[in-house]
Structure formats: C-alpha cells, structure tokens
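Colleague:
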Amino acid sequence: MNEFTIALLLTIVAFLYASVGHGGASGYIAVMTLLGFAPELVRPTALTLNLFVSAMAFVQFARAGHFRWSLFRPFAAASMPLAWIGARIHLDTVLYKRILAICLAIAVARLLGFFGGGDERKAPPTVWLALVIGAVLGLVSGMIGIGGGILLSPLLLLFGWSTAKESAAVSAAFIFVNSAAGLVSLALSKGLDFYTSDHLFWIAAALMGGSLGAYVGAQRFSQLRLRQVLGVVLLLASFKLFFA
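Reminder that position 181 of the sequence shown reads as 173 in this note's numbering, one-by-one numbering, no gaps.
1) Is the distance from the Cβ of G13 to the Cβ of A68 below 7 Å?
2) Quick one: which unbroken alpha helix (DSSP H) runs of 4-plus residues sit fully inside the region 91 to 174? Chain order, please.
3) Count the C-beta pairs between the region 33 to 40 and the region 115 to 130 that are closer than 8 Å, then say yes if the count reaches three, no if not.
4) Assign G28 to one of two classes, buried (16 or more other C-beta atoms within 10 Å of its C-beta) or exposed (fewer than that).
5) Take G126 and list the residues in its own chain whose beta-carbon comes closer than 6 Å to its own, dropping the five residues that flank it on each side.
6) Give me, in chain order, the residues of the same chain whose beta-carbon lies closer than 7 Å to that of F64; leave out the 5 immediate sequence neighbours on both sides.
7) So N42 packs on S171, CB below 8 Å; how close in whole Å?
8) Among the candidates G202, V100 and A79, whose CA atom is the shortest distance from the CA of L0?
9) If we count the other Cβ atoms within 10 Å of its Cβ and call it buried at 16 or more, is H58 buried or exposed?
10) Apart from the five residues on each side of it in sequence, which residues of its chain come closer than 8 Å, Cβ to Cβ, to F151?
This is how it looks when you write it as structure tokens:
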C-alpha cells in the first residue's frame, strides 16, 4: 500500500476520533497493525499522532467551554507515571493484538453510544477512585501505545460523571498527557530511531483530519452516521486482530 493511501486512512481516523475528543491511537494502531507494521514502529507512531490530534481536539472543546479541570486532575495525576512505566513493558505480539482488539471493541461501543449520550451529569467520583482508575488506564495506555481516552470516556459517560462534550474535552487532555509520558519514556529507553521520513507526512495528514474533526465535534454537530461507519470498521478490525 502506498504512502498516500496510508496517509488518507490516518486522516479519516483522526477526523472521526477527534470529533469525539479522542486522539485516534487505537485507530492508527489498527490500521498499521493490519498493514503489517511492527509493534516497535506502531506504538511510537500512534503516540506521536495522538499527541498532535488530541491537542487539537482539546483546544477546540476547551474553547467551547467544555473542559473541567477538577474532573481531569485526579485521573491524570495517577495515569501519567503509570503510562511512563507501561511504555517500557514489552508485550508478546499475540497478547498485544488481543489487548488492542479489546480496546477497539470498547472504542466501537463508545462511538455507537452504548455508554449513554451524556445528557445529564451526576456527582464526580471520589479522588481515590479517580486515582485508581487513572493508574490502571495509564498502565494499559503505556503498554499498548494509546492515550487512554478511549477507555476513560466510556466510564465518564456510563457513570454520569460528565456530559458527552465534557467527556470529550477531559479525554482529549488525558490522551495528551499520557501520550507525552509514554512517548518520552520510549524515547529515553529506545532512542528516536523509530522515526522515518514518512512520519512528517503522517503527522500532517493526521493534523488536517484531527483539526477539522475537532472543530466539527465541538462547534457543529454530532457526526452520528460517520461514527457508526467507523464503529463497523473498527469492529471488523477488532475481530481480525483477536482471532489472527
């Protein structure tokens, strides 16, 4: 598959994920893994793209007034150091694909609205509960190479801790800090040899899709049909990875 086709796929993934406040790492990983890229390249690439796209998503949702610092802080405080540690854990390839498949299935459920629409907000979790959840999500995020927002936002919606757009804003910030922690950890432990000449092209493609998706998600409309299409694609990818 040529580089333009890969860049197009990354652009589409970034657009759709950013529209719900996510960086798209699980989607990038699915695309690259199914195309035969090695995990040694997939993880840092996904984290890099995640970093840029989640930043764009956060800016758009925060500008629209949806970010809640008090909700974000305890989750992030525990997740960042664990994401750093998780990035240094090497997983067996089969186990890596299985965990990724589960993360994709959760992403599908989130995109299809199975965790609720976030129409009402209840009391936030206790600080200790948020710290425990953040630590677990941070560790998994670091090991797989995602920011963890695809795992956090379903919890925020399921338990009514935020509205849908607040979930998007908090998840985008959560993804950014965890992606940064994981990427720095990988760079310090393995160096920067994983970057290739294609990365700038991929980053530009993801930024283009992510900035447009974040704007549409924060300012315009819900993109329900597009999310449903992405959900079906990711569901197929999840089955393929789990049974590969």
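Even for Gly, the Cβ is constructed at its ideal location relative to N, Cα and C.
Modeller: Per the coordinate set shown:
1) no
2) 119 to 136 and 141 to 150
3) no
4) exposed
5) F67, A70 and S71
6) V162, A165 and F166
7) 4 Å
8) G202
9) buried
10) K114 and P117
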